Amino acid sequence: MPQNNFPNLNNDNNEIALVEGDSSYSYAEVNQSIDKFATGLLNGREDLQEERVAFFIPASLDYVTTMHGVWRAGGIAVPLNVASAVAELEHYLSCASVTSMIANGEYQESLAELCAEMNIELMSVADVMAEAPGPLPEVLPERRAMMLFTSGTTNKPKGVVSTHKTIRAQITTLIEAWSWTDQDAIPLFLPLHHIHGIINILSCGLWAGATVHLFAKFDIPKITAEVVAGTYNVFMAVPTIYVKLIQYFDTLDAGEVSKICDGFRPMRLNISGSAACPVKLFNQWKELTGQVLLERYGMTEIGMGLSNPYDGERRAGHVGQPLPGVEAQLFDEDHNPITEENTPGEIRIKGDNVFLEYWANEKATTESFHDGWFCTGDVAVIDDGYYRIMGRSSIDIIKSGGYKLSALEIEGTLLTHEDIAECAVIGVEDETWGESVMAFIGLKPGASMEYADLKGWCDGKMSSYKIPKAIKIVEALPRNAMGKVTKPDLKNLV
Ligand code: MLC
Ligand code: AMP
14 MPQNNFPNLN NDNNEIALVE GDSSYSYAEV NQSIDKFATG LLNGREDLQE
64 ERVAFFIPAS LDYVTTMHGV WRAGGIAVPL NVASAVAELE HYLSCASVTS
114 MIANGEYQES LAELCAEMNI ELMSVADVMA EAPGPLPEVL PERRAMMLFT
164 SGTTNKPKGV VSTHKTIRAQ ITTLIEAWSW TDQDAIPLFL PLHHIHGIIN
214 ILSCGLWAGA TVHLFAKFDI PKITAEVVAG TYNVFMAVPT IYVKLIQYFD
264 TLDAGEVSKI CDGFRPMRLN ISGSAACPVK LFNQWKELTG QVLLERYGMT
314 EIGMGLSNPY DGERRAGHVG QPLPGVEAQL FDEDHNPITE ENTPGEIRIK
364 GDNVFLEYWA NEKATTESFH DGWFCTGDVA VIDDGYYRIM GRSSIDIIKS
414 GGYKLSALEI EGTLLTHEDI AECAVIGVED ETWGESVMAF IGLKPGASME
464 YADLKGWCDG KMSSYKIPKA IKIVEALPRN AMGKVTKPDL KNLV
């Protein structure tokens with residue numbers, strides 16, 4: 014089966030696929046744009062043979078054209094975070110051995126120097142477009158399709174590679190489980206370098222023949238105005254977005270709030286995921302909008318794994334059961350399956366939805382599987398038939414506003430500061446962000462540090478959402494007899 018099997022993405026479908034500002038594009042238009050882009054990208058070659066094509070494009074027709082164009086030309090799509098610091102981009106580009114980069118306008122300007130240094134061809138979407146579609150290769154489902162970077166317990170983010178088959182499985186399970194149809198309309202304001210935005214919203218929407226409204230950022234007034242107008246019947250977000258909506262309601266008068274809530278009320282589905290949805294938030298949202306949030310659990314390496322039911326009880330504080338085609342099992346530390354309820358174990362996953370490999374990192378790939386199961390590092394229990402996430406096995410992973418951050422990566426950057434002798438980063442509980450980044454810092458003799466100065470120093474060295482929200486200067490970090498920092502002790506110092 015060739016990869017180009019998004020059933021609705023064809024020249025005969027004149028329904029609206031994408032809305033971008035005042036413009037809208039039919040499936041036929043999007044399809045033609047993709048074919049011309051893929052043809053131009055091939056530039057006479059038969060197949061890109063899994064060349065890595067990176068792109069630095071906000072949510073737009075151009076983004077969709079590039080992603081699908083790379084797929085149809087036989088390349089590996091590497092969508093990058095348009096909010097990345099240049100220092101981070103260098104790692105992504107060299108790790109993936111990217112050969113071409115697609116970016117438009119100001120984004121292109123910001124990348125020119127880096128691409129020149131790294132010998133990467135930098136083109137705009139318009140530069141690539143062929144006049145007319147030409148022959149495209151048949152790309153088999155087992156071929157590599159996409160690489161997304163994910164932070165882990167190692168210093169630098171790893172490239173998670175999925176195949177066309179993986180992506181298809183990740184999409185179709187959600188189409189079935191959440192009853193997507195071509196009548197659906199959904200806003201997309203999440204970043205497009207992570208699966209929540211890419212798979213759950215954009216790809217499911219386009220697969221189903223639905224209409225996806227693209228926003229370059231989470232623009233609350235614009236999005237809520239559309240909610241009031243009844244534009245959407247499906248809404249998907251990270252818990253922080255629901256928190257921010259409720260905080261926004263506090264700035265409005267009661268009449269405006271009830272109009273927005275009345276816009277949410279008739280929707281067929283509101284989903285929360287990418288981080289734990291607090292029970293309090295679940296209840297607040299229900300009270301305000303009548304919507305019973307459907308919480309689900311996923312990961313870059315697996316797409317979505319567990320979900321509360323579409324029909325049936327959606328239980329607060331729980332993430333439901335395995336999705337169709339996904340096998341899930343809890344294991345203890347000795348790799349024995351856990352069969353009793355309410356006994357914590359690591360969630361392990363099997364199925365076509367599971368990624369192929371970490372790019373050029375056989376060691377990490379091998380270590381992340383056991384007996385064919387992908388080991389997520391998340392700990393859960395099964396509680397009356399529903400999975401409940403208890404936490405993660407590593408304190409070095411922080412989930413802030415749905416972004417997964419590596420404490421070690423942040424520490425690695427902070428340690429390059431001339432006044433910092435030692436530091437340790439942890440996530441601390443936070444109502445808005447779920448967890449927020451806090452750094453404990455030991456200074457070099459005679460040095461002093463104000464938070465604002467450190468924040469300024471971090472600008473440009475890491476994406477802004479990774480910058481610690483608070484610091485605490487300490488005489489010395491707590492360490493065990495082996496000299497290792499005892500991070501759990503830091504939680505008592507917050
Ligand atoms: C923004 N800021 C954050 C932040 N997002 N700080 C900590 N954590 C975050 N997640 C900071 C900025 O640095 C800035 O700081 C200030 O907040 C305002 O920035 P903004 O960009 O205007 O904020 P906003 O648009 O409100 O962004 C919030 C957000 C965003 C929730 C929309 O964080 C977001 O899109 N999160 C979703 C990420 C996502 O898609 N994750 C899914 C991964 S896939 P300052 O100091 O400069 O003002 C996955 C698998 C699965 O997890 O299961 O889905
Ligand atoms: P990422 O690696 O960015 O894809 O993030 C995946 C991680 O997000 C998972 O390993 C979990 O730790 C976390 N996660 C996703 N969904 C949920 C959820 N509903 N509840 C708790 N944690 C979640």
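Under the numbering used here, think of the first position of the sequence shown as 14, with each following residue one higher.
We put the CB at the ideal spot given by N, CA and C, even for glycine.
None of these values were measured; they are calculated from a predicted model.
Around the beta carbon of Q260, a 10 Å sphere encloses fewer than 16 other beta carbons of the protein chains shown; the residue is thus reported as exposed. Taking C-beta atoms as the reference points, T224 and E463 fail to come closer than 9 Å. Residue side-chain check: S449 places its Cβ nearer than 8 Å to a non-hydrogen atom of the ligand MLC. With 16 or more neighbouring CB atoms inside 10 Å of its own CB, E422 falls in the buried class.
At least one heavy atom of the ligand AMP lies closer than 8 Å to the C-beta of I402. Three or more pairs of CB atoms, one per stretch, sit closer than 8 Å, so the segment 136-151 contacts the segment 102-115. In this structure, the CA atom of R309 is about 21 Å from the CA atom of S407. A Cβ-Cβ separation of about 4 Å places P150 in contact with D60 under the 8 Å criterion. Distance between A158 and G496, taken at the CA atoms: about 43 Å. Counting C-beta pairs closer than 8 Å gives fewer than three between the segment 46-59 and the segment 239-249, which falls short of the contact rule. If you draw a straight line from the Cα of R85 to the Cα of A30, it comes to about 18 Å. Apart from sequence neighbours up to five positions away, the residues of its chain that approach S73 with a beta-carbon distance below 7 Å are E33 and L227, ordered along the chain. Per DSSP, the unbroken alpha helix (DSSP H) holding A465 starts and ends at Y464 to C471. Of the other Cβ atoms in all chains shown, 16 or more fall within 10 Å of the Cβ of E448; this residue is therefore buried.
The beta carbon of T253 lies closer than 7 Å to those of G414, G415, T445, W446 and G447 in the same chain, with the five residues before and after it left out. Annotated three-state conformation of H104 is helix, per DSSP. Boundaries of the beta strand (DSSP E) around S113: S113 to I115. Here S285 is buried, its C-beta having at least 16 other C-beta atoms within 10 Å. Taking 8 Å as the cut-off, one finds no heavy atom of the ligand AMP near enough to the beta carbon of G172. Under DSSP, no beta-bridge partner is assigned to Y478.
Straight through space, the alpha carbons of V450 and F162 are spaced by roughly 20 Å.
Sixteen is the threshold: since fewer than 16 other Cβ atoms of the shown chains lie within 10 Å of the Cβ of R492, the residue is exposed. With a cutoff of 8 Å, K412 counts as near the ligand AMP, since its C-beta is closer than that to a heavy atom of the ligand. Comparing C-alpha distances from S271 to each of L294, W298 and E119 shows the shortest one belongs to W298. With a minimum length of 4 residues, the unbroken runs of alpha helix (DSSP H) contained wholly in the segment 122-166 fall at 138-141. Residue pairing by DSSP places P71 opposite no residue, since no beta bridge is assigned to it. Looking at the DSSP output, F344 sits in a beta bridge with P350 and E359. In summary, K412 is buried, with 16 or more beta-carbon neighbours lying within 10 Å of its beta-carbon over all protein chains present.
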